[in-house]
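All letters in the sequence shown, in the order written, are residues 1065 to 1581 by the numbering used here. To keep things clear, I will list the structure first and then write my remarks on it.
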Amino acid sequence: MSKLSPGWMVLWTFVASVALGIGTARDARAEGGEIDASKIEVLMQVRPPDRNNEKTKHDAPALEVTVIGGPNLGLDKFVLHEDGAKQPVELKAASKRDFNQGTETLAVAIVLLGWEIWIGNDKVPASPTFASDDPSRTPGVLDSLAQALDGVKFKEAGPPGSLGMVITFADKATVRVPMGPLSAISGSALGTQSDYFGTKGRELVRAVELGLAELNKTQTARKVLIVLCDGSDTDNEHAKAALSGLKAQASRTGVQTFGLIYRSPMSEDINVLTALVPQTKLLTGADTIGPAISDILSRMADRQYLTFPGYDKKLGVGLPWDGKQHNLVLKIDKTDLDPVAMTLSPVWKADKGGFPWLVLIIVLVGVILLVVIGVKVFSAKPAPMPVPIAAPVAVEAPRPMGPAKTVMIGVGGDDGGFPVVGWMVPLNGPQAYQTLRLRSGGTKIGTAPPCDIIVNDGFMSTEHCQINASPQGYTLIDGGSTNGCYVNDRKIQGKLDLVDNDTVTLGKTTFKFKSIV
């Protein structure tokens, strides 16, 4: 156990923060009430019509738009239009949901330092080896840490189904709160100072590895790792390289990382955590821990979900659903945000039936026919006696043309007429959230023709892989790629069967695999 001099006891008091170092949730309103477009991120995704709904299956596709960091305004303040269109069309949002009403469930892993001197030992019961007046007794951070966790509104931090866990680390990594409902995280789960008494190591790398592993087991839409420590590891030189590798892993698996540094008087002035989180935040007081964690979670909730119709039936206008790429612009209040390149697919055209002229003509013709029929009925003469009709001459029945032929019709086919059997949806990169169609038989994926799906990713091979579809299922086959193929973060050996919602990583691009059945 490390010893603290009485002089350090004065320094080891908890004072109010003079500079937290973490901004509050981003406010997209600049001075003067204008919207700062640079602080707003927009994600778009096409939502095809429900083919199983008879009422809507012929409707135009819709657009699901996620606004991150924007002001929370009324529904009428959000308008979508195409940048540079010859005939400008503005579509108003049909619905809006806040983060807690959405479906982007959240998984949060909080990793905390569990070193005795950092946690504190002033409340550890006295013993022959640790007297009540031992000068090395120090209050530490445990009480403030427990209060911080109890003060964070974890229940409101994510939509229903969101998950959370707490890990502490010293000589080893220990799960204090297993991955479960986010609302289950509380300060009492940290235990007492006695639970940390005698710990000396700081196995930061092991704790981060455990946190990432637990996050990758979840099926949530978003994953967050929050690390709070003094910035040191038992082996700092080794930790730098290891944490750098874990940073790449977190990026590849879509885990957002946040780092908070709080040092005790015995902590070294070292910060290897920057190898994992370059923008770590230095906390100057224990009472700033709760606000810092709350701020991170508020960033996660700083988003709204909008739905725009692809075609306005009342106005008779909509987007050009021609299967080509268009630059779409979201306007909030009076401010246009940066254009988002979207492929407007599937191809769809509005019914050009000619209403109301065609309906009017049909009605007029019907009225005229009724008048003519009425006149004939009331002015008709008695019908003459029936004339005998000769018996019909027997006619030879037509001969069969041979056995019937079976014809396969592709439902929802691609441009080449091949039936669509599924989709690959990129979760990152320039083609993020586009629906890339998989056709019956085999679909090649790579960076250049003759691939069926071409992805702009410098870490993918020209013919990276192929996805085969058959009545037995779907199979991913590595095409001899340089960087390999990963399914659910595991590298495949040659080929692997896919199931709906599998995560496929090719190069630096991560896809969500969706089957049509």
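Every residue gets a Cβ at the ideal spot worked out from N, C-alpha and C, and that includes glycine. Bear in mind the structure is a predicted one, so any value in this text is a computation, not a measurement.
Short of 6 Å in beta carbon distance, which residues of its chain neighbour residue i, apart from the five on each side in sequence? Order them along the chain.
| i | result |
| --- | --- |
| residue 1404 | 1106, 1108, 1392 |
| residue 1344 | 1323, 1325, 1337, 1338 |
| residue 1512 | 1526 |
| residue 1331 | 1294 |
| residue 1007 | Because the chain in this structure spans residues 1065 to 1581, residue 1007 falls outside the shown range and cannot be described. |
| residue 1296 | 1266, 1332, 1334 |
Figure out for me which residue from the options has the closest Cα to the Cα of residue i.
| i | options | result |
| --- | --- | --- |
| residue 1227 | 1218, 1234, 1233, 1235 | 1218 |
| residue 1366 | 1136, 1115, 1102 | 1136 |
| residue 1382 | 1216, 1414, 1389 | 1414 |
| residue 1211 | 1538, 1357, 1557, 1298 | 1357 |
| residue 1384 | 1114, 1531, 1152 | 1152 |
| residue 1376 | 1575, 1273, 1158, 1283 | 1158 |
| residue 1557 | 1411, 1545, 1564 | 1545 |
| residue 1396 | 1121, 1131, 1122 | 1131 |
| residue 1520 | 1160, 1501, 1573 | 1573 |
| residue 1559 | 1122, 1514, 1548 | 1548 |
| residue 1181 | 1348, 1355, 1257, 1535 | 1257 |
| residue 1364 | 1378, 1425, 1283, 1220 | 1220 |
| residue 1496 | 1380, 1406, 1486 | 1406 |
| residue 1308 | 1340, 1281, 1118 | 1340 |
Using DSSP with H/G/I as helix, E/B as strand and the rest coil, what is residue i?
| i | result |
| --- | --- |
| residue 1525 | coil |
| residue 1114 | coil |
| residue 1492 | coil |
| residue 1382 | strand |
| residue 1541 | strand |
| residue 1561 | strand |
| residue 1240 | strand |
| residue 1550 | strand |
| residue 1573 | strand |
| residue 1267 | coil |
| residue 1121 | coil |
| residue 1605 | Outside the shown range of the chain, which is 1065 to 1581, sits residue 1605, and nothing can be said about it. |
| residue 1504 | coil |
| residue 1281 | coil |
| residue 1364 | helix |
| residue 1338 | helix |
| residue 1477 | With a pLDDT of 42 at residue 1477, under the threshold of 50, the predicted position of this residue should be treated as unreliable, and no value is reported. |
| residue 1224 | coil |
| residue 1595 | As shown, the chain starts at 1065 and ends at 1581. That puts residue 1595 outside it, with no answer to give. |
| residue 1369 | strand |
| residue 1350 | helix |
For residue i versus residue j, is the C-beta distance shorter than 8 Å?
| i | j | result |
| --- | --- | --- |
| residue 1578 | residue 1484 | no |
| residue 1529 | residue 1543 | yes |
| residue 1569 | residue 1286 | no |
| residue 1124 | residue 1374 | yes |
| residue 1248 | residue 1241 | yes |
| residue 1155 | residue 1372 | yes |
| residue 1111 | residue 1127 | yes |
| residue 1138 | residue 1104 | no |
| residue 1532 | residue 1541 | yes |
| residue 1491 | residue 1576 | yes |
| residue 1267 | residue 1294 | no |
| residue 1254 | residue 1222 | no |
| residue 1274 | residue 1334 | no |
| residue 1361 | residue 1272 | no |
Given residue i, which residues of its chain have a CB within under 7 Å of its CB, disregarding the five upstream and five downstream residues?
| i | result |
| --- | --- |
| residue 1314 | 1276, 1289, 1321 |
| residue 1194 | 1188 |
| residue 1278 | 1173, 1229, 1243 |
| residue 1566 | 1551, 1552, 1577 |
Less than 7 Å separating the Cβ of residue i from some heavy atom of the ligand FMN?
| i | result |
| --- | --- |
| residue 1554 | This structure does not include the ligand FMN; it has no bound ligands of any sort. |
Between residue i and the rest of its own chain, which residues show a CB-CB distance below 8 Å, the 5 nearest in sequence each way excluded?
| i | result |
| --- | --- |
| residue 1610 | The requested residue 1610 does not occur in the structure, where the chain is confined to residues 1065 to 1581. |
| residue 1508 | 1514, 1515, 1516, 1517, 1527, 1529, 1530, 1543 |
| residue 1368 | 1130, 1131, 1134, 1136, 1160, 1161, 1162, 1163 |
| residue 1192 | none |
| residue 1141 | 1396, 1397 |
### Message
So, does the stretch 1196-1212 touch the stretch 1136-1147, judging by three or more C-beta pairs under 8 Å?
### Response
no
### Meets three-Cβ-pair contact criterion under 8 Å: the stretch 1393-1402 and the stretch 1178-1192
no
### Task
Spell out a yes or no on whether the stretch 1162-1175 and the stretch 1252-1263 are touching, meaning 3 or more CB-CB pairs, one atom from each, closer than 8 Å.
no
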